[in-house]
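Let me begin by presenting the structure, written as structure tokens, before commenting on it.
Numbering (the working numbering), first residue to last: 38 to 321.
Put into structure tokens, the structure is as follows:
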């Protein structure tokens, strides 16, 4: 896979990620239950895939195992907070606040990998953040939108940490193996909590959970991690900002959630920054 193919792959993964919030709005169980269903079905899918393809899933070092388990915990936090934000507010708010994570990655990546902080990446991340702020309504803790924003920011920070961890792990193991450990850990962590809840999803909701687990999680997460072997977590994070745009369009088509003028303006700013980042990366 070359850099151009990696960019195409990460955009496909981001589009699949964007379907998660609209689908979750159609599942009427708590977000932690949706998150568990998502990682449970994903883990089974990945385990079967690794078994069929005879991939070696053994961990090379104890330190690597610790990182894989830690990334699984972070993944569980990210997906719970992301879906919770969508449930208590809107798909637009959830995906737009999530789009701030490249800003966190921009500063985390140089610290972890001892790389020079590029001024260009900082400026692009700031532009993306401006696009996010444009879309956010008046901030007050007394309404669900504001709570959705706060929970969405937790999701954003968690995903930034996960992206940096995955950049290192993707250089050590196959992307499917990394995904298997992360999502398996998330499922094991969430299982005791879910078992104390009385969840009764309908047949349709189980079908949606299967789609979340297989398409938007096992497939998309594996594709995204694999792309990190060829592009930086910072660039992948900037591209992932497109999830807010995809999410708004899908929510409009499927749920009838009409974006406000502020959301449209913010989306345009984000798209512009993402296209610029990808174009610059292909020519350097």
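For every residue, glycine included, the Cβ atom is placed at its ideal position computed from N, Cα and C. Only a predicted model underlies this, so the values are computations on that prediction, with no experimental measurement involved.
> Out of curiosity, what's the CA-to-CA distance linking residue 230 and residue 264?
Replying inline: Rounded to whole angstroms, residue 230 to residue 264 spans 33 angstroms at the Cα level.
> So, using beta-carbon positions, are residue 314 and residue 275 closer together than 8 angstroms?
Replying inline: Contact: yes.
> Hey, is the region 112 to 123 in contact with the region 183 to 192, meaning 3+ C-beta pairs nearer than 8 angstroms?
Replying inline: Yes, they touch.
> Do you know how far the Cα of residue 249 is from the Cα of residue 220?
Replying inline: When rounded, the distance between both Cα atoms is 13 angstroms.
> If we ignore side chains and look at the alpha-carbon of each, how far apart do residue 192 and residue 46 end up?
Replying inline: Answer to the nearest angstrom: the Cα atoms are 23 angstroms apart.
> Mind pulling the beta strand (DSSP E) runs of 3 or more residues that sit fully within the region 99 to 166?
Replying inline: None, since the region 99 to 166 contains no complete beta strand (DSSP E) of that length.
> Grouping DSSP H, G and I as helix and E and B as strand, with all else coil, what is residue 204?
Replying inline: Helix, per DSSP.
> With 16 as the cutoff for other CB atoms within 10 Å, does residue 156 come out buried or exposed?
Replying inline: Residue environment analysis places residue 156 among the exposed positions, since fewer than 16 neighbouring C-beta atoms fall within 10 angstroms of its C-beta.
>> Under DSSP, the alpha helix (DSSP H) around residue 285 begins and ends at which residues?
In response: Here the alpha helix (DSSP H) through residue 285 covers 279 to 292.
>> The alpha helix (DSSP H) that contains residue 60, what's its start and end?
In response: Membership of residue 60 in the alpha helix (DSSP H) is indicated by the continuous run 57 to 62.
> residue 229 by DSSP, collapsed to three states: which one?
Replying inline: Residue 229: helix per DSSP, three-state reduction.
> Can residue 92 be considered in contact with the ligand MG, in the sense that its beta carbon sits closer than 7 angstroms to one or more heavy atoms?
Replying inline: Ligands in the displayed structure: none, and consequently the ligand MG is not present.
> Counting pairs of beta carbons, one from the region 96 to 108 and one from the region 153 to 170, are three or more of them closer than 8 angstroms?
Replying inline: Segment contact: the region 96 to 108 against the region 153 to 170, fewer than three CB-CB distances shorter than 8 angstroms; contact not assigned.
>> So, under 8 angstroms CB-CB, residue 280 and residue 136 are touching, yes? Tell me the CB distance rounded to an integer number of Å.
In response: Cβ atoms of residue 280 and residue 136 come within 8 angstroms of each other, at about 7 angstroms.
> Cβ of residue 282 within 8 angstroms of Cβ of residue 308?
Replying inline: In this structure, residue 282 lies near residue 308, with their beta-carbon atoms less than 8 angstroms apart.
> Per the contact definition of three or more C-beta pairs closer than 8 angstroms, is the region 145 to 153 in contact with the region 206 to 216?
Replying inline: No, the region 206 to 216 does not touch the region 145 to 153.
> Who are the near neighbours of residue 162 in its chain, counting only those whose CB is closer than 6 angstroms to its CB and skipping five residues on each side?
Replying inline: Result list for residue 162: 139, 140 and 143, in chain order.
> Is residue 59 near residue 291, with beta carbons less than 8 angstroms apart?
Replying inline: Between residue 59 and residue 291, the gap from beta carbon to beta carbon is short of 8 angstroms.
> Is residue 235 helix, strand or coil by DSSP?
Replying inline: Residue state for residue 235 is assigned as coil, using DSSP reduced to three classes.
>> Rounded to whole angstroms, what is the Cα-Cα separation between residue 115 and residue 258?
In response: Approximately 13 angstroms, taken between the alpha carbons.
>> In whole angstroms, give me the CA-to-CA distance for residue 111 and residue 200.
In response: One Cα belongs to residue 111, the other to residue 200, and the distance between them is close to 10 angstroms.
> Relative to the C-alpha of residue 132, which residue among 204, 94, 182 and 113 is closest?
Replying inline: When the alpha-carbon of residue 132 is set against those of 204, 94, 182 and 113, the nearest one is in 182.
> Under the rule that 16 or more other beta-carbon atoms within 10 Å means buried, what is residue 130, buried or exposed?
Replying inline: Result: buried.
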